[in-house]
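Let me begin by presenting the structure, written as structure tokens, before commenting on it.
Residue numbers (our numbering), protein chains in the order written: chain A, 1 to 495; chain B, 1001 to 1148.
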């Protein structure tokens, strides 16, 4: 072989050494035009019993999960009660120009407005929502964020239903079992549709609501860099001095914000669950996780009060025309790990049947063929993410850690989990039940929950840009399968 | 191949300039946004809204990938370019680019590392310039002969 040929050969080999691994990683990141989430990544049993009939190994055996004979379809996990609905709501979704706080934006509306109408229902009542897609091109769904609905009503395109196409409708039906503050939003192309305004508030009132309390939903949303509350910059609510108000703060954004007030307040509820023994808070702010809700209780002073939601939006409560100056932002914040008084959990997190790890990191690579800097779950990029498998009745522990350099509001569908510890410090206050939990960079949370709602559930970052970039895993129950697929003719694209 | 090598070196230098300009554009965009009394929130940062410096940040994100791609192509071209020291210099450019990504990733948790990210940009520029000059010098000393 001539020297020149040898040189060319060496150059070609060196090229392959550089290019082949990159090409391989790119090829591995490509997704088929349609796939089941049950085929994704690897199965994680969390040290618990494996599925009946398995040869019992963790690995890429998801491909056969949806074909299992005798498995219950997600589509059959509907509301048990077949009685007539107590409350019926029609929501018509449209795409186009919407006006928010005097500014026209390209977005979405429900019944002609964004945020969509606030749905109110009394605890124990059966709610039926008929969703009509008038002209949203990519299709839509509604996810009942924080409500532990039956799996078929969870509204995740490609996991629990197909996206509702233009001109079609879909009915959601469930009993509002737990009183609290929730919200609903599209879970189809959610990073665009939620940002563009396809969402609203759901309030489940307790059977015996305290009399004389003024209920104030405060829905925070950022439209095209415009921070708003209830679709305006400062919302005014009329109430008499001395009257109690319950401000239901809902964060529909991709990032956290802080809320504080011009008067002392108590944190009545977090993510729809009442805080046990809430104490008065002064000169402290409370952080509202993206996707999370915080209910504040205040008494209206003679000259009114102001609940500040970040420095750009506020709710003023008082006599008509009351003006309340912006209170200084407190330097300290309420730590929900120690806020309130302890109470029984109803289960023992120490006696867990399964323990999972959900470690979020970040590294360069490819996701769905796109190069960039992406999130990892347990060291792997999407779609090589875990499928956490549980059985009904399991006590489940999950360690969520974050070394990614960014905050992640982790959201498990269909369940409420309780915080056991943060960075090794045990929770000492009221049980901190959540469905959306801010895990900041460098933090580790231990959380626990009871697997009491069979189905296939997303467990993802509710910074929806992060979810689109692959920060998504799923929790599935043994013996349940989903017939729905991401992609395909309905164009299901949950993130 | 030598010409391609030089062009890629020049492109790397140009991209470093674009990156510096873009991140300055993005940062001043944020300052201008907050000077109007608005909150620069996590959501606005994620949205990359043009009102709040998002265009500059988007260019910077895109440019980071473009530089990585050019550095890889430069390395591959160096294998075939028959430039004495060409592979070495292309390798050095590639390593400085890798280092730049590492500094960026670490800086999300430890912002002080952003200082190294800024300084290393000059190293990328400088090594790309040296690689280009090296290719020129080699060419001047030993011009390519026409095939017989």
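Note that the Cβ used here is the ideal one computed from N, Cα and C, for glycine as well. This one's a predicted model, so the numbers in the text were calculated from it and none came from an experiment.
Buried or exposed by the 16-neighbour rule on C-beta atoms within 10 Å, applied to residue 1012 of chain B: Taking the first residue of the second chain as position 1, residue 1012 of chain B is located at position 12. A residue is called buried once 16 or more other Cβ atoms fall within 10 Å of its Cβ, and residue 1012 of chain B is buried on that count.
Give the list of continuous beta strand (DSSP E) stretches no shorter than 3 residues that lie fully inside the region 393 to 467 of chain A. The region 393 to 467 of chain A contains these whole beta strand (DSSP E) runs: 395 to 402, 408 to 412, 417 to 422, 436 to 439, 444 to 450 and 456 to 461.
Taking the alpha-carbon positions, what's the residue 61 of chain A to residue 1111 of chain B distance? Against the first chain, residue 61 of chain A aligns to sequence position 61. Against the second chain, residue 1111 of chain B aligns to sequence position 111. The predicted position of residue 61 of chain A is uncertain, since its pLDDT is 47 and thus under 50; a value taken from the coordinates is nonetheless stated next. So the two alpha carbons sit approximately 41 Å from each other.
Answer yes or no: do residue 485 of chain A and residue 34 of chain A have a C-beta to C-beta separation smaller than 8 Å? Taking the first residue of the first chain as 1, we reach residue 485 of chain A at position 485. Taking the first residue of the first chain as 1, we reach residue 34 of chain A at position 34. Yes, Cβ-Cβ distance for residue 485 of chain A and residue 34 of chain A is below 8 Å.
For a contact meaning CB atoms closer than 9 Å, what does residue 255 of chain A contact in chain B? For the purposes of this step, residue 255 of chain A is taken as the residue at position 255 of the first chain. Within chain B, the residues near residue 255 of chain A are 1041, 1042, 1043, 1044, 1045 and 1046.
Is it right to say residue 1044 of chain B is buried, meaning 16 or more other beta carbons lie within 10 angstroms of its own, or is it exposed? To locate residue 1044 of chain B, count along the second chain from 1; it is residue 44. So residue 1044 of chain B counts as buried.
Answer yes or no: does any C-beta atom of chain A fall closer than 8 Å to that of residue 1035 of chain B? Mapped onto the second chain, residue 1035 of chain B falls at position 35. When Cβ-Cβ separations below 8 Å define contact, residue 1035 of chain B makes no contact with chain A.
For residue 175 of chain A, the residue or residues it bridges with in DSSP: The residue you call residue 175 of chain A lines up with position 175 of the first chain. By DSSP's assignment, residue 175 of chain A forms a beta bridge with A:126.
With a 10 Å radius around its C-beta and 16 neighbouring C-beta atoms as the bar for buried, classify residue 255 of chain A as buried or exposed. Along the first chain, one-based indexing puts residue 255 of chain A at 255. The residue in question, residue 255 of chain A, is buried, as its Cβ has 16 or more Cβ neighbours within 10 Å.
Cα-Cα separation, residue 1136 of chain B to residue 1006 of chain B: Sequence index remark: in the second chain, residue 1136 of chain B carries index 136 (1-based). Sequence index remark: in the second chain, residue 1006 of chain B carries index 6 (1-based). C-alpha separation (whole angstroms): 8 Å.
Validate contact between the region 472 to 488 of chain A and the region 1066 to 1079 of chain B using beta carbons, cut 8 Å, 3 pairs: Cβ pair count under 8 Å is below three, so no.
Over the uninterrupted alpha helix (DSSP H) stretch that includes residue 24 of chain A, give me the two end residues. In the first chain, residue 24 of chain A corresponds to position 24, counting from 1. Here the alpha helix (DSSP H) through residue 24 of chain A covers 3 to 29.
Can you give the beta carbon distance from residue 535 of chain A to residue 354 of chain A, rounded, assuming they're within the 8 Å contact cut? Within the shown structure, residues of chain A are numbered from 1 to 495, placing residue 535 of chain A beyond reach of any answer.
With DSSP as the reference, label residue 1111 of chain B as helix, strand or coil. As a working note, residue 1111 of chain B is residue 111 in the second chain. It is helical.
From residue 503 of chain A to residue 335 of chain A, what does the alpha carbon distance come to, in whole angstroms? The shown model of chain A, from 1 to 495, leaves out residue 503 of chain A, and the question about it has no answer.
Nearest to residue 311 of chain A (by Cα), restricted to the options A:302, A:327 and A:320: On the first chain, residue 311 of chain A is found 311 positions in, with the first residue counted as 1. Proximity to residue 311 of chain A across A:302, A:327 and A:320 peaks at A:327, based on C-alpha coordinates.
Chain A residues whose Cβ lies nearer than 9 Å to that of residue 1101 of chain B: For the purposes of this step, residue 1101 of chain B is taken as the residue at position 101 of the second chain. Simply 364 and 373.
Continuous alpha helix (DSSP H) assignments of at least 4 residues falling wholly in the region 175 to 246 of chain A: Runs found: 190 to 193.
Unbroken alpha helix (DSSP H) run spanning residue 547 of chain A, endpoints: Outside the displayed span of chain A (1 to 495) sits residue 547 of chain A, for which this structure offers no information.
Classify residue 269 of chain A as helix, strand or coil using the three-state DSSP reduction. Stepping through the first chain from its first residue, residue 269 of chain A is reached at position 269. If DSSP states are grouped into helix, strand and coil, residue 269 of chain A belongs with the strands.
Who are the neighbours of residue 1075 of chain B on chain A, taking C-beta pairs under 8 Å? The residue you call residue 1075 of chain B lines up with position 75 of the second chain. Per Cβ cutoff of 8 Å: 18.
Can you give me the C-alpha to C-alpha distance between residue 264 of chain A and residue 319 of chain A, rounded to a whole angstrom? Taking the first chain and counting its residues from 1, the one referred to as residue 264 of chain A is at position 264. Taking the first chain and counting its residues from 1, the one referred to as residue 319 of chain A is at position 319. Rounded to whole angstroms, residue 264 of chain A to residue 319 of chain A spans 18 Å at the Cα level.
Boundaries (first-last residue) of the alpha helix (DSSP H) holding residue 145 of chain A: In the first chain, the residue the question calls residue 145 of chain A occupies position 145. Not the alpha helix (DSSP H): residue 145 of chain A falls in the beta strand (DSSP E), residues 143 to 145.
Stretch-stretch touch, CB-based, cutoff 8 Å, three pairs: the region 334 to 349 of chain A with the region 7 to 23 of chain A: Three or more beta-carbon pairs separated by less than 8 Å are not found between the region 334 to 349 of chain A and the region 7 to 23 of chain A, which leaves the two stretches without contact.
Could you name the residues of the same chain whose beta carbon sits closer than 7 Å to that of residue 58 of chain A, not counting the 5 residues immediately before and after it, in chain order? Stepping through the first chain from its first residue, residue 58 of chain A is reached at position 58. Low local confidence applies: a pLDDT of 47 at residue 58 of chain A is under 50, so the model's placement there is unreliable, with the coordinate-based value given in what follows. 42, 43, 44 and 45.
Taking the alpha-carbon positions, what's the residue 56 of chain A to residue 413 of chain A distance? Taking the first chain and counting its residues from 1, the one referred to as residue 56 of chain A is at position 56. Taking the first chain and counting its residues from 1, the one referred to as residue 413 of chain A is at position 413. Because residue 56 of chain A sits at a pLDDT of 43, beneath the cut-off of 50, its placement in the model cannot be relied upon, and the point is left open.
For a test of the three-state rule: what should DSSP assign to residue 347 of chain A, helix, strand or coil? Mapped onto the first chain, residue 347 of chain A falls at position 347. Residue state, collapsed to three classes: coil.
Near-chain A residues of the region 1049 to 1076 of chain B (beta-carbon distance less than 7 Å), N- to C-terminal order: Those would be 1049, 1051, 1052, 1065, 1072, 1075 and 1076, in chain order.
I need the straight-line Cα distance from residue 19 of chain A to residue 1085 of chain B, nearest angstrom please. The residue given as residue 19 of chain A occupies position 19 in the first chain. The residue given as residue 1085 of chain B occupies position 85 in the second chain. If you take the alpha carbons of residue 19 of chain A and residue 1085 of chain B, they lie about 21 Å apart.
Leaving aside the five residues before and after residue 2 of chain A along the sequence, list all residues of the same chain whose C-beta is less than 6 Å from its C-beta, in chain order. Translated into positions along the first chain, residue 2 of chain A becomes position 2. A distance below 6 Å between beta-carbons, with the five flanking residues on each side excluded, links residue 2 of chain A to no residue of its chain.
Buried or exposed: residue 1035 of chain B, going by 16 or more other Cβ atoms within 10 Å of its Cβ? The count along the second chain starts at 1 and reaches residue 1035 of chain B at position 35. Exposed, because fewer than 16 other Cβ atoms sit within 10 Å of the Cβ of residue 1035 of chain B.
Should the region 270 to 290 of chain A be regarded as contacting the region 224 to 238 of chain A, the criterion being three or more beta carbon pairs within less than 8 Å? Taking a cut-off of 8 Å for Cβ pairs, the region 270 to 290 of chain A and the region 224 to 238 of chain A do not touch, as fewer than three such pairs fall below it.
Collapsed DSSP secondary structure at residue 1081 of chain B in the structure displayed: The residue you call residue 1081 of chain B lines up with position 81 of the second chain. Per DSSP, reduced to three states, the secondary structure at residue 1081 of chain B is coil, with no helix or strand assignment.
As assigned by DSSP and simplified to three states, the class of residue 1004 of chain B: Position 4 of the second chain holds residue 1004 of chain B. The DSSP-derived three-state label of residue 1004 of chain B is helix.
Cβ of residue 61 of chain A within 8 Å of any chain B Cβ: Position 61 of the first chain, counted from the first residue, corresponds to residue 61 of chain A. Below a pLDDT of 50, predicted positions are generally treated as unreliable, and residue 61 of chain A, at 47, falls in that range; the measurement from the model is reported next regardless. False, the Cβ-Cβ gap to chain B never drops below 8 Å.
With a cut-off of 8 Å on the beta carbons, I'd call residue 438 of chain A and residue 289 of chain A a contact; round off their distance for me. Mapped onto the first chain, residue 438 of chain A falls at position 438. Mapped onto the first chain, residue 289 of chain A falls at position 289. That pair is a contact at about 4 Å.
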